[in-house]
């Protein structure tokens with residue numbers, strides 16, 4: 021069943037602005053992961069944040085996790101045209117044994133206007 | 160870099176045919192996964208495998224089977240293709256390290272059309 025839900029479904033901003041996407045989920049997790057998908061391609065892993073972490077950075081990406089609210093956010097700073105893609109959050113349920121697969125949301129489609 | 164290779168980018172088959180989708184990874188990953196991706200529904204897990212000859216059903220296994228005879232190869236089989244199986248199919252692999260799912264590495268997908 022789908023657990024992660026991204027918000028908004030679509031986002032269009034100007035190049036250079038920051039983009040923020042949110043993800044809400046329902047059950048306890050081991051970790052939460054963010055992926056990017058360019059049109060017609062597979063998903064690419066961006067960042068993993070564990071349940072005992074609150075914030076993580078990777079280049080222009082900043083991810084936060086609030087386990088009490090069961091939510092996460094992905095911030096892309098100083099956006100570029102190449103950031104145009106769909107972004108998915110994926111949750112790793114606590115009950116899983118490490119090979120049960122992630123549960124993906126439906127994604128946020130981000131468009132960066134030049 | 161990890162490479163997950165799916166045998167076809169585009170495939171067109173007819174209703175009732177038996178269809179094989181192949182996936183190969185080169186990173187000695189224990190786990191392999193098959194998803195389908197449909198507009199408005201996101202990614203849904205069909206089957207996964209955590210070892211050779213092992214398989215587990217995902218959320219939507221009906222109408223599909225899988226085969227994992229070698230660690231690097233995971234095949235998805237549509238026993239008798241139907242039009243509602245027209246979709247984008249994505250293969251992924253990951254290490255199995257302790258508790259919790261590790262990052263998954265995806266192939267570029269196979270866009271399958273069933274006529």
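Residue numbers (our numbering), protein chains in the order written: chain W, 21 to 134; chain D, 160 to 274. All C-beta atoms in this analysis are idealised placements derived from N, C-alpha and C, irrespective of residue type, glycine included. These numbers come from a predicted model, not from an experiment.
- Using a Cβ distance threshold of 9 Å, residue 99(W) and residue 42(W) do not count as a contacting pair.
- Nearest to residue 62(W) by C-alpha distance, out of 269(D), 226(D) and 273(D), is 269(D).
- Chain order gives the chain D residues near residue 126(W) as 199, 200 and 201, where near means a beta carbon separation below 8 Å.
- CA-CA distance, residue 45(W) to residue 251(D), rounds to 22 Å.
- Three or more beta-carbon pairs separated by less than 8 Å link the stretch 238–247 of chain D to the stretch 169–177 of chain D, which places the two stretches in contact.
- Contact annotation: the stretch 49–60 of chain W touches the stretch 255–266 of chain D, with at least three C-beta pairs closer than 8 Å.
- By the Cβ-count criterion, residue 188(D) is buried, with 16 or more other Cβ atoms from all chains shown falling within 10 Å of its own Cβ.
- The stretch 226–234 of chain D makes contact with the stretch 209–217 of chain D, as at least three CB pairs between them are under 8 Å.
- Inter-residue distance for residue 186(D) and residue 199(D) is about 32 Å (C-alpha atoms, whole angstroms).
- Assignment of residue 243(D) by DSSP, reduced to helix, strand and coil, places it in the helix class.
- DSSP, read as helix, strand or coil, puts residue 101(W) in helix.
- Residue contact with chain W for residue 270(D): present (Cβ-Cβ distance below 9 Å to some residue of chain W).
- Distances from the alpha-carbon of residue 30(W) to those of 129(W), 122(W) and 40(W) put 129(W) closest.
- Look at the stretch 221–249 of chain D: the residues with a C-beta under 7 Å from a C-beta of chain W are 249.
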